[in-house]
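Let me begin by presenting the structure, written as structure tokens, before commenting on it.
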Amino acid sequence: MSSAPLITFGVPAYNRPALLAETLASIAAQTAAVDYEVIVCDDGTLPETVATVARLPADKFFYHRNTPTLGPVRNWNEALRRARGTWVMVLHDDDALYPWYLAAVLPHLEKSLAAICTRTVSGASMPALPAPATPSTAAAFAYPPRYFLKSAMTPFPGVLIRRELAEKIGGFSEQAGPLADYEFWYRLACAGRIEVVREVAAFYRVADGQWTERAWPTMIRQTHLLRLRIAREQFPKSPRLGRWLARFFTYRNALSYAARFPQKPASLARALRLGSIPFARLPSGWVWAALKRLA
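Counting from 11, one number per residue, gives the positions in the sequence shown under the numbering used here.
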């Protein structure tokens, strides 16, 4: 390998070579001229994965097979561990970047940042979007820790992280389970400044059946527990306000789940009972605007 690049794209892979090819092609298609490397950390068994990486320039695209396999969250951390760049992105093997991603974020990179991301579009397949006339002029806004009471700043893709800070806070936590990304972004925001560029430049793939009957009821409860933790840490002098905000946003999530899925598990029923808290019917936009003023 040559000297350390500015950016590392760490791609955790698991037996999806066709989608991986799309992910890697989206990195190779970046229009901004910048020194980067791509490290595919393979937790799968298919020889097609190796062949997919081998078709790309060997001086930028590298392959590593995990032996033994690590599982999803540990593989994300393996991607962080193997990175050499000052900045690193963990990009799943079914997500992708638009060609102007790097052009949009590069003007905002500075030592004071913990991470930067762009806005994201989601779906079963990557929609065609017109290239912005001047992506390098897109404005960015801060995403402080208190904002995480509502949600993370992104579903996952397109987050460029300062590598040394990611290492300092210990990477992604297996104990956080399906919220390992949400919980990591929150800790990162507590350790430094996160910014979001107002340009759609990343794609998050949502496959049919991704939200299974088992997964989303668990997510409701675990997300609420994380919100309560954020409330305790971010509103130590106003605990009642913090708890109310956590309950309000969990209730709004529950309404969304109830409209989307036919199942009515116990976790959803409990979350819907949060509709009894004071002012639960306030427009969520009002509460979100108030939270921004408090941040």
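Cβ coordinates follow ideal geometry from the N, Cα and C atoms, glycine included.
Everything numeric in this text was worked out from a predicted model, so none of it was measured.
When the five nearest sequence neighbours on each side are left out, the beta carbons in the same chain lying within less than 8 Å of the beta carbon of Arg-84 are those of Glu-184, in order along the chain.
Distances from the alpha-carbon of Arg-197 to those of Lys-178, Pro-188, Phe-213 and Tyr-214 put Lys-178 closest.
Within the same chain, Val-98 and Ala-125 come within 6 Å of Ile-171 by CB-CB distance, once the 5 residues on both sides are set aside. DSSP places Ser-294 in the uninterrupted alpha helix (DSSP H) bounded by 294 to 304. The beta-bridge partner set that DSSP reports for Gly-180 is empty. Residue environment analysis places Ile-17 among the buried positions, since at least 16 neighbouring C-beta atoms fall within 10 angstroms of its C-beta. Arg-253 carries a helical assignment under DSSP once its states are collapsed to helix, strand and coil. For Trp-97, the three-state secondary structure derived from DSSP is strand.
Annotated as distal: Leu-66 and Pro-27, with beta-carbon spacing of 7 Å or more. Residue environment analysis places Glu-120 among the exposed positions, since fewer than 16 neighbouring C-beta atoms fall within 10 angstroms of its C-beta. Under the 8 Å Cβ criterion, the stretch 250 to 263 does not count as touching the stretch 204 to 217, having fewer than three qualifying pairs. Within the model, the alpha-carbon separation for Tyr-192 versus Ser-161 is close to 8 Å. The stretch 60 to 79 and the stretch 135 to 154 do not touch, with fewer than 3 CB-CB distances between them shorter than 8 Å.
Closest option to Val-100, judged by alpha-carbon separation, among Ala-114, Tyr-111, Val-169 and Ala-138: Val-169.
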